[in-house]
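*Asks:* One structure, pasted below without further comment.
In the working numbering, the protein residues as written are 1 to 229.
Take a look at the structure:
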């Protein structure tokens, strides 16, 4: 099955290079290009891509705001948004993940890893586990503890809270299952339920909540790779 990709980047040369790279990769097809956030929102609604590679800094409308509008309008059939940027400031990562982005990569990431990342988010996984992303999220959380929400989610069961904590540490469903001595399908059910209770659109947002509420503290993240619910 071919994964349909929309590429959004305001730099024509980089956009063309990314289109060429993705079109040459097995199983991927670029179905549209956007030069700014407004075009990205319009093309996402028109083309219904499976994955959007989204630049954060774009004219007219930035990538984070475009991501929020796209995911809000798409509902349950939302595309997976992979943020690509030259800016590695933690605020960008934290905000993008909080809006529901499925992952975050720098533009100087090797081409094979960018292709792999698109396949990863298309499969429903998220890119929160790689060291660069985890470190940036932790840095932002560390510097913003004073404004983080102090209250832990009170709508969750004890088991769901524990699962949320492990999701926040970057563990995959399989790793959580082994740690809690549960089946992977049971963990998947817990993740879906807690996300529903908290009104979260993506597993990445669950990671943000785990940091904001103190379930995970900077420096505590695990070493596993996070997978989708």
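For glycine and all other residues, C-beta sits at the position ideal for the given N, C-alpha and C.
Treat the numbers as computed from the prediction; the structure is a model and nothing was measured.
Excluding sequence positions up to five away, which residues of its chain have a Cβ less than 7 angstroms from the Cβ of residue 19?
*Replies:* 7, 30 and 33
*Asks:* Out of 161, 76, 192 and 164, which has the shortest C-alpha to C-alpha gap to residue 48?
*Replies:* 76
*Asks:* Tell me the rounded alpha-carbon separation between residue 63 and residue 119.
*Replies:* 20 angstroms
*Asks:* I'd like to know whether the C-beta atoms of residue 60 and residue 28 end up nearer to each other than 8 angstroms.
*Replies:* Result no, Cβ atoms of residue 60 and residue 28 do not sit closer than 8 angstroms.
*Asks:* Would residue 104 and residue 96 be called neighbours here (beta carbons separated by less than 8 angstroms)?
*Replies:* yes
*Asks:* When we look at the beta-carbon of residue 155 and count the other beta-carbons within 10 Å, is it buried (16 or more) or exposed?
*Replies:* exposed
*Asks:* Determine which residues share a DSSP beta bridge with residue 231 and list them.
*Replies:* The requested residue 231 is not part of the displayed model; the chain covers only 1 to 229.
*Asks:* So, for residue 163: in the same chain, excluding its five sequence neighbours on each side, which residues have a beta-carbon less than 8 angstroms away from its beta-carbon?
*Replies:* 176, 180, 187, 190, 191 and 194
*Asks:* So, with DSSP's three-state summary, where would you put residue 99?
*Replies:* Of the three classes helix, strand and coil, the one that applies to residue 99 here is coil, per DSSP.
*Asks:* Quick one: grab the DSSP three-state call for residue 63.
*Replies:* helix
*Asks:* May I have the straight-line CA-CA distance separating residue 67 from residue 55, to the nearest angstrom?
*Replies:* So the alpha carbons of these two residues sit roughly 10 angstroms apart.
*Asks:* Need the endpoints of the alpha helix (DSSP H) that residue 4 sits in, please.
*Replies:* Looking at the DSSP string, residue 4 is not in any alpha helix (DSSP H); the run it does join, the beta strand (DSSP E), is 3-8.
*Asks:* Measure the CB-CB distance between residue 208 and residue 165 and report whether it falls below 8 angstroms.
*Replies:* no
*Asks:* Please list, in chain order, all residues of the same chain as residue 10 whose beta carbon is under 8 angstroms from its beta carbon, the five residues on each side excluded.
*Replies:* 35, 36, 55, 57, 58 and 59
*Asks:* Is residue 216 helix, strand or coil when you go by DSSP?
*Replies:* coil
*Asks:* How would you call residue 3, buried or exposed, if buried means at least 16 neighbouring beta carbons within 10 angstroms?
*Replies:* buried
*Asks:* Whole angstroms are fine: how far does the CA of residue 72 sit from the CA of residue 168?
*Replies:* 23 angstroms
*Asks:* For residue 183, does the count of other Cβ atoms within 10 angstroms reach 16, so buried, or fall short, so exposed?
*Replies:* exposed
*Asks:* Can you tell me whether residue 83 is buried or exposed? The criterion is at least 16 other CB atoms within 10 Å of its CB, across all chains shown.
*Replies:* buried
*Asks:* Nearest chain D C-beta to residue 25 closer than 8 angstroms, yes or no?
*Replies:* Here chain D cannot be found, since the structure has a single protein chain.
*Asks:* When the distance is taken between beta carbons, is residue 172 closer than 8 angstroms to residue 100?
*Replies:* Taking the C-beta atoms as reference points, residue 172 is found no nearer than 8 angstroms to residue 100.
*Asks:* When the Cα of residue 213 is compared with those of 161, 113, 178 and 22, which residue comes out closest?
*Replies:* Considering only alpha carbons, the answer is 161.
*Asks:* Please identify the residue among 206, 200 and 80 whose C-alpha is closest to the C-alpha of residue 122.
*Replies:* Out of 206, 200 and 80, the CA that lies nearest to the CA of residue 122 is found in 80.
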